[in-house]
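Enquirer:
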């Protein structure tokens, strides 16, 4: 009777239809600017080269065109979307059009005046990220002093009667704190908690060796989460986004590229997933000069990974291809160099050893944090400076 | 936390944080909630859109039977409302 299309875990995978359905899910990455410097951010490491951000009218046009095609869930993300001073008019137009509006934020910049204005504009929901349950680790991982501020914002979100979703990205350095993280969420009165094991793209990919937990850590975290879930029942729903490196089958990433998700990057580039810009050989269209309808139904880059024609063995003849669509194209590209290969998380992939070797390396003892052991390379924090210094060629600076 | 008792005199309403709306592109009612969407079949949509917090389940049933020229729907309606309350889509007002 129901179809659940929650972003992270579609419960009822569907095979890619011949003619794609509408882009039900629209994610606007309004900006790459962010006051935080999280080591696990999925934004591209070379974001410093990104062209100028779209202006307000561009975003409003995107909203109208996407809604006309049937988009209904709207994520407003970034970077930190609150750094845009036109967030309120964008929310107001989205609400008027009938979107369910989700603000995905670090909370930095969310004071009471702004929260009230967003409420009046019709914002439906705020997802607030925390980096950890402790001030020390939260502030270390984001390279900021934001824990107390986030706690204040959490209280404001409740005061203004929003459903509260707390999102905590889990990795080697905080996954042992799952119990404390869940206690914190309960204290804040969260309705939903997303324990999102790190997905290794962007800055997280660069920092993968330091962030990948051991199998033992993952299993303990999952047990803790299950015990907690039994204890609190339905008053706080807990989502545990599976760390795919520890699985034998890949995630049905984006429910197949180009099936329901549409991301617009800060510079107007339209993407079938927020990490897809890295995929080589695809020219992604831009909303500055192409309509959402032409982008979604007509562009070569959005059609490229639809259906099964692009698949190679072992996916092509695999009965599970209609369930997981061969996994994640970006992960296949990052690990194997070819985006059409099976996601190497799959143990049928000839490259699966690349995943198991990474997991085996994660079995080394934990070094004290934040002081890293001498054998470990330093974490690289997401910042404009690091993006320019480390990931752009000299002539691009 | 115990589930509220659902009976014919209960007045269900769509729960806080959820929004029911008709989506022409999907030719269906959908229930929207934080970062998620449930596509409803016809009968689920017809029941939920009558859950306004003022109408009792008994009256919702009468209205549905009249609208669809049907009879004997009360068990189906009760079963769905109970399911939707368990899923937290609906809350019961007194």
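Residue numbers (our numbering), protein chains in the order written: chain A, 1 to 397; chain B, 398 to 491.
Beta carbons are placed, not taken as given, at the ideal position from N, Cα and C, and that holds for glycine.
Fair warning: this is a prediction, and the values are worked out from it, not measured in the lab.
Looking at the secondary structure, which residues open and close the alpha helix (DSSP H) in which residue 390(A) lies?
Expert: Taken as a continuous stretch (DSSP letters only), the alpha helix (DSSP H) holding residue 390(A) covers 384-391.
Enquirer: Quick one: is residue 443(B) near chain A, going by C-beta distance under 7 angstroms?
Expert: Answer no: the Cβ-Cβ gap between residue 443(B) and chain A never drops below 7 angstroms.
Enquirer: Closer than 7 angstroms by C-beta to residue 46(A): which residues in its own chain qualify, once you throw out the five before and the five after it? Chain order, please.
Expert: 387, 391 and 392.
Enquirer: In terms of residue numbering, what span does the alpha helix (DSSP H) encompassing residue 117(A) cover?
Expert: Here the alpha helix (DSSP H) through residue 117(A) covers 112-121.
Enquirer: Mind pulling the chain A residues with CB within less than 9 angstroms of residue 455(B)?
Expert: Going along chain A, no residue has its Cβ under 9 angstroms from residue 455(B), so there is no contact; the nearest lies around 23 angstroms.
Enquirer: Quick check on residue 167(A): does DSSP put it in helix, strand or coil?
Expert: Residue state, collapsed to three classes: strand.
Enquirer: So, for residue 73(A): in the same chain, excluding its five sequence neighbours on each side, which residues have a beta-carbon less than 6 angstroms away from its beta-carbon?
Expert: For residue 73(A), where only same-chain residues beyond five positions count, the Cβ hits under 6 angstroms are 25 and 100.
Enquirer: Is residue 434(B) helix, strand or coil by DSSP?
Expert: Here residue 434(B) sits in strand by DSSP.
Enquirer: Residue 125(A) CB to nearest chain B CB: under 7 angstroms?
Expert: So, interface residue.
Enquirer: On the three-state DSSP scale, how would you describe residue 37(A)?
Expert: Here residue 37(A) sits in coil by DSSP.
Enquirer: Could you round the C-beta distance between residue 84(A) and residue 31(A) to whole angstroms and report it? I think they count as a contact, below 8 angstroms.
Expert: With a Cβ gap of about 6 angstroms, residue 84(A) and residue 31(A) count as contacting.
Enquirer: By how many angstroms is the C-alpha of residue 168(A) removed from the C-alpha of residue 363(A)?
Expert: Approximately 23 angstroms between the Cα atoms of the pair.
Enquirer: Quick one: is residue 434(B) near chain A, going by C-beta distance under 7 angstroms?
Expert: With 7 angstroms as the cut-off, residue 434(B) counts as an interface residue toward chain A.
Enquirer: Using the beta-carbon of each residue, which ones in chain B are nearer than 8 angstroms to residue 165(A)?
Expert: Those are 431 and 432, listed as they occur along chain B.
Enquirer: For residue 331(A), tell me which candidate among 287(A), 244(A) and 65(A) has the shortest Cα-Cα distance.
Expert: Closest option to residue 331(A), Cα to Cα, is 244(A).
Enquirer: Kindly list, in the order they appear in chain B, the residues whose Cβ is closer than 8 angstroms to that of residue 102(A).
Expert: What residue 102(A) touches in chain B: 431 and 432.
Enquirer: Around the Cβ of residue 439(B), are there at least 16 other Cβ atoms within 10 angstroms (buried) or fewer (exposed)?
Expert: By the 10 Å Cβ count, residue 439(B) comes out exposed.
Enquirer: Helix, strand or coil, according to DSSP, for residue 416(B) in the structure here?
Expert: Correct three-state label for residue 416(B): strand.
Enquirer: Rank 117(A), 20(A), 378(A) and 29(A) by C-alpha distance to the C-alpha of residue 266(A) and give the top, closest one.
Expert: The shortest C-alpha separation from residue 266(A) is found at 29(A).
Enquirer: Can you look up residue 202(A) in the DSSP assignment and give me helix, strand or coil?
Expert: It is helical.
Enquirer: In the DSSP output, what is residue 408(B) paired with across the bridge?
Expert: 490(B).
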